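In my numbering, the protein residues as written are 781 to 963. Notes for the one structure printed next.
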């Protein structure tokens with residue numbers, strides 16, 4: 781069975797992360813909260829709403845179906861705006877807890893002032909390790925394969941190294957940090 785990276789969130793940054801992972805040699809599934817839009821993107825291979833003009837490789841599976849999204853997943857990237865993160869992750873009904881998580885979500889939850897990683901621990905269970913992505917990067921540049929550098933922070937060096945290995949490519953330089961809050 782092929783193992784896949786699940787990217788949760790179909791915005792510009794989610795699309796960029798999915799293409800970067802694909803470029804690095806990972807099999808990728810991108811999950812969208814909007815199943816009809818997911819079907820449209822899967823057919824046209826363009827995320828016209830959030831990253832127009834960037835062709836999405838055929839090998840990236842794009843779906844709005846949670847079962848299909850979880851099929852073969854051995855890790856997930858959370859790339860959902862903070863204000864929608866908790867509700868989105870709760871749709872997976874605890875089925876993410878056994879997967880290592882990488883948070884590419886920035887900001888604080890308005891009602892609770894929780895960081896995205898705290899929301900993931902609460903909503904998903906996140907028992908298999910957590911990393912955070914940060915750094916100066918732009919979705920359209922990353923998606924197009926332009927030179928990008930990013931930092932993966934984790935209090936588990938093995939987790940950070942795994943993300944570095946899986947996401948890094950000729951166009952994506954990934955540095956590690958032992959600081960999961962500040963990246």
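C-beta: ideal position from N, C-alpha, C; glycine also. Given the structure is predicted, the values throughout are model-derived calculations rather than measurements.
Positions of the beta strand (DSSP E) runs, each at least 3 residues long and wholly inside the segment 934 to 959, are given as 952 to 957 in order along the chain. Here the segment 827 to 837 makes no contact with the segment 866 to 882; the two share fewer than three CB pairs at distances below 8 Å. Beta bridge pairing from DSSP links residue 810 with 787 and 842. No Cβ-Cβ contact shorter than 9 Å links residue 948 with residue 940. Shown here for residue 865: same chain residues with a beta carbon closer than 8 Å to its own, the five before and five after excluded, namely 858, 885, 889, 896, 899, 900 and 903 in chain order.
In this structure residue 961 is exposed. Its beta-carbon is surrounded by fewer than 16 other beta-carbon atoms within 10 angstroms. If you draw a straight line from the Cα of residue 794 to the Cα of residue 883, it is about 11 Å long.
Here the alpha carbons of residue 818 and residue 844 stand approximately 6 Å from one another. In terms of Cα proximity to residue 785, the closest of 946, 914, 955 and 831 is 946. The three-state secondary structure of residue 881, taken from DSSP, is strand.
Distance from the CA of residue 815 to the CA of residue 915, rounded to the nearest whole angstrom, comes to 30 Å.
Scanning the segment 847 to 925 for uninterrupted alpha helix (DSSP H) segments of 4 residues or longer gives 862 to 870, 896 to 904 and 919 to 923, listed from N- to C-terminal end. Note on geometry: alpha-carbon atoms of residue 850 and residue 867 lie some 17 Å from one another. Annotated as distal: residue 846 and residue 798, with beta-carbon spacing of 9 Å or more. Burial check for residue 944: the Cβ neighbour count within 10 Å reaches 16 or more, so the residue is buried. For residue 905 against residue 876, the beta-carbon gap comes to about 7 Å, under 8 Å, which counts as contact. Around the beta carbon of residue 790, 16 or more other beta carbons sit within 10 angstroms, so the residue counts as buried. Following the DSSP letters along the chain, one finds residue 825 in no alpha helix (DSSP H), marked with neither H nor E. Straight through space, the alpha carbons of residue 919 and residue 805 are spaced by roughly 19 Å.
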